[in-house]
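Colleague: Here you go, one structure.
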Amino acid sequence: MKRVAVYCRVSTDKDDQANSFESQKRYFKEYIDRNPEWELYQIFADEGISGTSTKKRRDFNRMIDLAKSGCFDFIITKEVSRFARNTVDTLQYTRELKKIGIGVLFVNDNINTLDADAELRLTIMSSIAQEESRKTSERVKWGQRRRMEQGVVFGRNMLGYDVRGGKLYINEEGAEVVRLIYHKFVHEEKGTHTIARELREAGIKPMFKSEWSNTVILRILRNEKYCGDLVQKKTFTPDYLTHEKKYNHGEEDFIILRNHHDPIISRELFELAKQELARRAPTPEQKAKHSNRYALSGKIECGCCGSRFVARSKRRKDGTQYKAWRCYEAVSHGVRKRDTAGSLIGCSVRAQISDKDFMMMIQEVIRHLNINKENLISELSGIVKSVMEAGGESAPDIPLVEKQLCVLAEKKERLMDIYLGNEITKEDYQRMAARYDKERSFLEKQKEKVEKSKLAKNTYQQMLDDIMTFIRSVTLGIKQDDTFYRSLVEKIVVHDRQHIDIFLNFLPMKWRHIGASIPISVKIAATSL
Numbered sequence: 001m002k003r004v005a006v007y008c009r010v011s012t013d014k015d016d017q018a019n020s021f022e023s024q025k026r027y028f029k030e031y032i033d034r035n036p037e038w039e040l041y042q043i044f045a046d047e048g049i050s051g052t053s054t055k056k057r058r059d060f061n062r063m064i065d066l067a068k069s070g071c072f073d074f075i076i077t078k079e080v081s082r083f084a085r086n087t088v089d090t091l092q093y094t095r096e097l098k099k100i101g102i103g104v105l106f107v108n109d110n111i112n113t114l115d116a117d118a119e120l121r122l123t124i125m126s127s128i129a130q131e132e133s134r135k136t137s138e139r140v141k142w143g144q145r146r147r148m149e150q151g152v153v154f155g156r157n158m159l160g161y162d163v164r165g166g167k168l169y170i171n172e173e174g175a176e177v178v179r180l181i182y183h184k185f186v187h188e189e190k191g192t193h194t195i196a197r198e199l200r201e202a203g204i205k206p207m208f209k210s211e212w213s214n215t216v217i218l219r220i221l222r223n224e225k226y227c228g229d230l231v232q233k234k235t236f237t238p239d240y241l242t243h244e245k246k247y248n249h250g251e252e253d254f255i256i257l258r259n260h261h262d263p264i265i266s267r268e269l270f271e272l273a274k275q276e277l278a279r280r281a282p283t284p285e286q287k288a289k290h291s292n293r294y295a296l297s298g299k300i301e302c303g304c305c306g307s308r309f310v311a312r313s314k315r316r317k318d319g320t321q322y323k324a325w326r327c328y329e330a331v332s333h334g335v336r337k338r339d340t341a342g343s344l345i346g347c348s349v350r351a352q353i354s355d356k357d358f359m360m361m362i363q364e365v366i367r368h369l370n371i372n373k374e375n376l377i378s379e380l381s382g383i384v385k386s387v388m389e390a391g392g393e394s395a396p397d398i399p400l401v402e403k404q405l406c407v408l409a410e411k412k413e414r415l416m417d418i419y420l421g422n423e424i425t426k427e428d429y430q431r432m433a434a435r436y437d438k439e440r441s442f443l444e445k446q447k448e449k450v451e452k453s454k455l456a457k458n459t460y461q462q463m464l465d466d467i468m469t470f471i472r473s474v475t476l477g478i479k480q481d482d483t484f485y486r487s488l489v490e491k492i493v494v495h496d497r498q499h500i501d502i503f504l505n506f507l508p509m510k511w512r513h514i515g516a517s518i519p520i521s522v523k524i525a526a527t528s529l
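Each residue of the sequence shown is one higher than the last, beginning at 1 in the working numbering.
Structure (structure tokens):
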């Protein structure tokens with residue numbers, strides 16, 4: 001009794017194809033029952049998966065593995081195109097199976113791979129199937145492109161939009177989140193990491209993602225669909241056999257339709273976000289440019305409404321400029337009240353605090369830090385010194401170089417005496433003189449290197465002293481530094497002008513500024529969290 005396996009496959013998962021799939025299984029059960037020498041081992045089936053590649057056909061690969069283990073003796077399938085539309089795959093698998101004595105019967109094509117002429121016929125039929133796949137792929141791609149040009153949307157639902165019948169429809173629940181993201185990024189000047197964190201804290205769930213991240217926020221800020229435009233062919237499939245998609249970097253023409261659907265945000269806001277993304281993006285010439293404009297951007301919160309404080313530059317009467325921070329809700333809507341829809345807007349915290357005052361508060365907090373600052377200064381200084389000294393070359397000894405130059409001058413004088421005494425030829429004299437001149441040139445360069453090294457050493461020491469002084473002054477709170485403060489400060493919460501909490505990274509305490517005026521009468525109180 002020969003154990004027979006059956007392989008079935010349909011190319012799509014539509015209802016009519018699913019019916020065809022069931023029909024195939026019924027047909028093969030009856031086909032095997034009619035042969036008394038055959039016994040059905042198992043029906044292997046891949047539903048809704050293309051045949052141009054075997055990589056993703058789970059049941060096909062499982063069938064091959066079981067065949068190699070000797071679990072059955074023969075395979076039957078409907079036709080070559082059901083088994084594989086890739087000539088290489090077809091020949092490879094049928095050859096491997098034939099080596100272990102397992103044949104494949106293609107019923108409709110009447111090919112049994114155990115027959116003598118089977119491989120020739122199989123090559124012809126599989127080549128035809130592969131060419132059919134190529135033509136089908138070209139027809140599908142052509143049809144999709146024509147439909148894209150007509151405005152049909154290819155893709156799935158996204159945050160703020162539902163795709164139904166090839167059209168985009170606004171989903172108001174998601175659209176509100178999109179508007180909130182653009183508002184935070186453009187108007188509140190928050191970074192993408194900060195926006196992602198605030199959405200997580202607010203319990204807002206993203207679509208198709210388990211967590212909000214800066215990458216998800218960036219993708220939303222760059223998506224032209226939110227201002228009503230449609231750009232398709234962002235990805236393409238270069239190989240119809242592998243079906244692997246790649247990002248389109250100009251290999252194929254994009255299909256761009258402006259004002260294609262109802263926008264969620266205005267085109268002006270989208271352009272502002274685009275400009276802000278370009279401004280914040282690091283460039284080779286400006287690698288250190290931070291994603292926010294100021295050292296405290298995104299770190300100052302309103303203790304009343306929870307909104308961020310935003311910075312505005314103002315010019316004094318004498319022409320000088322200064323930066324001041326205010327609650328965004330207060331700036332936009334004034335005092336706390338309800339709008340026509342009944343929603344609370346505005347903020348009662350009307351404090352306007354200069355950037356300079358905030359820096360003085362942080363400086364005062366640093367002065368009150370209860371840590372061994374001398375040890376910290378020593379460690380930081382040691383790190384800087386070791387980095388600056390790494391790779392340094394030892395300078396040659398200048399007295400030794402000068403002595404060698406004197407010896408060389410004496411040698412050249414003796415050479416001249418020997419030549420004038422006719423003890424050597426002119427050619428020998430010129431050869432020896434050239435060698436001495438070359439040695440002298442090398443030694444003079446060494447001497448110049450020593451002199452430059454002395455100057456560099458003085459400069460290095462001065463630079464090191466300056467860095468040590470800077471580290472000490474910043475660590476002790478004598479000097480202010482924007483970069484240091486940005487790394488140190490986690491957030492600042494402004495309850496009113498007289499009550500401001502300062503939270504530092506990695507420290508389980510907060511410092512509260514209490515004072516009748518700023519920066520006069522500053523009082524810093526540390527409180528455990």
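Even glycine gets a Cβ: it sits at the ideal position worked out from N, Cα and C.
Note that the coordinates shown come from a computational prediction; the quantities given were computed from them, not determined experimentally.
(1) Which residue's Cα is closest to the Cα of GLN352: GLU364, SER313, ASN375?
(2) Identify the continuous alpha helix (DSSP H) that holds ALA278 and give its terminal residues.
(3) At which residues does the beta strand (DSSP E) containing TYR169 begin and terminate?
(4) Go through the segment 472 to 511 residue by residue and report every complete run of the alpha helix (DSSP H) that reaches 4 residues or more, in order.
(5) How far does the beta strand (DSSP E) with ASP46 in it extend, from its first residue to its last?
(6) When you compare only the Cα positions, how much space is there between VAL474 and MET361?
(7) Going by DSSP, what residue range makes up the alpha helix (DSSP H) through ALA330?
(8) Hey, TYR182 and ILE265: beta-carbon distance below 8 angstroms or not?
(9) Which residues in the same chain have their Cβ closer than 8 angstroms to the Cβ of ALA311, if we skip the five residues on either side of it in sequence?
(10) Would you mind reading off the limits of the alpha helix (DSSP H) that contains ALA67?
(11) Taking 8 angstroms as the threshold, find out whether the segment 405 to 416 comes into contact with the segment 435 to 442 through three or more Cβ pairs.
(12) Given this structure, state the Cα-to-Cα distance separating ARG3 from PHE83, to the nearest angstrom.
(13) On the premise that LYS246 lies in contact with THR235, defined as a C-beta separation below 8 angstroms, what is that separation, rounded to the nearest angstrom?
(14) Using the rule of at least 16 other Cβ atoms within 10 Å of the residue's Cβ for burial, across every protein chain shown, is GLU329 buried or exposed?
(15) Which stretch, first to last residue, makes up the alpha helix (DSSP H) that contains ASP77?
(16) Does DSSP classify TYR294 as helix, strand or coil?
(17) Beta carbon of GLN24, beta carbon of MET148: below 8 angstroms?
(18) Compare the C-alpha of TYR41 against each of GLN446, ARG139, MET1 and name the closest.
(19) Spatial neighbours of LEU488 within its chain, please: C-beta separation below 7 angstroms, excluding the five flanking residues on both sides.
(20) DSSP three-state call for ASP355: helix, strand or coil?
(21) With a threshold of 8 angstroms, are at least 3 pairs of Cβ atoms found where one atom belongs to the segment 210 to 222 and the other to the segment 191 to 202?
(22) Is DSSP giving VAL442 helix, strand or coil here?
(23) So ARG338 packs on SER348, CB below 8 angstroms; how close in whole Å?
(24) Report buried or exposed for ASP115, applying the criterion of at least 16 other Cβ atoms within 10 angstroms of its Cβ.
(25) Alpha carbon to alpha carbon, what distance is there between GLY143 and ILE64?
(26) For the alpha helix (DSSP H) holding LEU199, just list the boundary residues, first then last.
(27) Could you tell me which residues DSSP puts in a beta bridge with LEU105?
(28) Determine, using beta carbons only, whether ALA67 and ARG9 come nearer to each other than 8 angstroms.
(29) How would you write the range of the beta strand (DSSP E) that VAL163 sits in, first residue to last?
(30) Rounded to whole angstroms, what is the Cα-Cα separation between ASP117 and ARG95?
(31) With distances taken from CA atoms, which of SER137, THR136, ILE111, LYS135 is nearest MET125?
(32) From TYR31 to VAL140, what does the alpha carbon distance come to, in whole angstroms?
(33) Use the C-beta contact count for VAL186: other C-beta atoms within 10 angstroms, 16 or more gives buried, fewer gives exposed.
(34) Report the residue from ARG145, GLU276, TRP212, VAL6 whose alpha carbon sits nearest the alpha carbon of CYS71.
(35) Smallest Cα separation from LEU230: which of ARG267, ALA202, MET207?
(36) Between which two residues does the beta strand (DSSP E) holding LEU230 run?
Modeller: This is what the structure holds:
(1) Looking up residue 352 in the sequence shown gives position 352. Nearest C-alpha to GLN352: SER313.
(2) For the purposes of this step, residue 278 is identified with residue 278 of the sequence shown, where counting begins at 1. It spans 267 to 280 - the alpha helix (DSSP H) in which ALA278 sits, taken as one unbroken run.
(3) By one-based count along the sequence shown, residue 169 stands at place 169. Note, TYR169: beta strand (DSSP E), 167 to 170.
(4) 482 to 488
(5) The residue you call residue 46 lines up with position 46 of the sequence shown. Note, ASP46: beta strand (DSSP E), 38 to 47.
(6) Along the sequence shown, one-based indexing puts residue 474 at 474. Along the sequence shown, one-based indexing puts residue 361 at 361. A straight line joining the alpha-carbon of VAL474 with that of MET361 spans about 14 angstroms.
(7) As a working note, residue 330 is residue 330 in the sequence shown. Unbroken alpha helix (DSSP H) run through ALA330: 328 to 333.
(8) Walking along the sequence shown from the start, residue 182 turns up at place 182. Walking along the sequence shown from the start, residue 265 turns up at place 265. Contact: yes.
(9) What you label residue 311 is simply residue 311 of the sequence shown in a count that begins at 1. Same-chain partners within the cutoff: GLU189, ARG293, TYR294, LEU296, SER297, LYS323, ALA324, TRP325, ASP355.
(10) As a first step, residue 67 must be located in the sequence shown, where it is residue number 67. 58 to 68 is the extent of the alpha helix (DSSP H) around ALA67.
(11) With a cut-off of 8 angstroms on Cβ pairs, the segment 405 to 416 is in contact with the segment 435 to 442, counting three or more such pairs.
(12) On the sequence shown, position 3 is the one that residue 3 refers to. On the sequence shown, position 83 is the one that residue 83 refers to. Computed Cα separation, rounded: 19 angstroms.
(13) Reading the sequence shown from its first residue, position 235 is the one you call residue 235. Reading the sequence shown from its first residue, position 246 is the one you call residue 246. Rounded, the Cβ-Cβ distance is 6 angstroms, consistent with contact.
(14) Counting from 1 along the sequence shown, the entry for residue 329 is found at position 329. Buried: at least 16 other Cβ atoms inside 10 Å.
(15) Here residue 77 corresponds to residue number 77 of the sequence shown, with the count starting at 1. Checking the displayed sequence, the identity of residue 77 turns out to be Thr instead of Asp. Unbroken run through THR77 is the beta strand (DSSP E), 74 to 77; no alpha helix (DSSP H).
(16) To locate residue 294, count along the sequence shown from 1; it is residue 294. In this structure, TYR294 counts as coil in the three-state DSSP scheme.
(17) By one-based count along the sequence shown, residue 24 stands at place 24. By one-based count along the sequence shown, residue 148 stands at place 148. No. Outside cutoff.
(18) Position 41 of the sequence shown, counted from the start, is the residue given in the question as residue 41. Nearest of GLN446, ARG139, MET1 to TYR41, Cα basis: MET1.
(19) Here residue 488 corresponds to residue number 488 of the sequence shown, with the count starting at 1. For LEU488, where only same-chain residues beyond five positions count, the Cβ hits under 7 angstroms are LEU504, ASN505.
(20) Residue 355 sits at position 355 when you count from the first residue of the sequence shown. Note: ASP355 maps to helix in three-state DSSP.
(21) The segment 210 to 222 and the segment 191 to 202 touch, with no fewer than 3 CB-CB distances between them shorter than 8 angstroms.
(22) Looking up residue 442 in the sequence shown gives position 442. Correcting the residue type first, residue 442 is Phe in the shown sequence and not Val. Looking at PHE442 - three-state DSSP - the assignment turns out to be helix.
(23) For the purposes of this step, residue 338 is taken as residue 338 along the sequence shown, with counting starting at 1. For the purposes of this step, residue 348 is taken as residue 348 along the sequence shown, with counting starting at 1. Not confirmed; about 13 angstroms, so no contact.
(24) Counting from one through the sequence shown, the residue named residue 115 turns up at place 115. Exposed: under 16 other Cβ atoms inside 10 Å.
(25) Locating residue 64 in the sequence shown gives position 64, where the first residue counts as 1. Locating residue 143 in the sequence shown gives position 143, where the first residue counts as 1. Approximately 36 angstroms, taken between the alpha carbons.
(26) Here residue 199 corresponds to residue number 199 of the sequence shown, with the count starting at 1. Segment 192 to 201, the alpha helix (DSSP H) holding LEU199.
(27) Within the sequence shown, numbered from 1, the residue matching residue 105 stands at position 105. Note: LEU105 sits in a beta bridge opposite ILE76, ASN112.
(28) Here residue 67 refers to the residue found at position 67 of the sequence shown. Here residue 9 refers to the residue found at position 9 of the sequence shown. For ALA67 and ARG9, no; Cβs fall outside 8 angstroms.
(29) Walking along the sequence shown from the start, residue 163 turns up at place 163. Residue range 161 to 164 is occupied by the beta strand (DSSP E) that includes VAL163.
(30) Numbered from its first residue, the sequence shown carries residue 117 at position 117. Numbered from its first residue, the sequence shown carries residue 95 at position 95. Distance between the alpha carbons of ASP117 and ARG95: 13 angstroms.
(31) Taking the first residue of the sequence shown as position 1, residue 125 is located at position 125. Ranking SER137, THR136, ILE111, LYS135 by Cα distance to MET125 puts ILE111 first.
(32) Position 31 of the sequence shown, counted from the first residue, corresponds to residue 31. Position 140 of the sequence shown, counted from the first residue, corresponds to residue 140. Going by the C-alpha atoms only, they are around 35 angstroms apart.
(33) Along the sequence shown, one-based indexing puts residue 186 at 186. Classification of VAL186: buried, given that the 10 Å Cβ count is 16 or more.
(34) Taking the first residue of the sequence shown as 1, we reach residue 71 at position 71. It is VAL6 whose Cα lies nearest to the Cα of CYS71.
(35) Looking up residue 230 in the sequence shown gives position 230. The option with the nearest alpha carbon to LEU230 is ARG267.
(36) Here residue 230 refers to the residue found at position 230 of the sequence shown. Note, LEU230: beta strand (DSSP E), 230 to 232.
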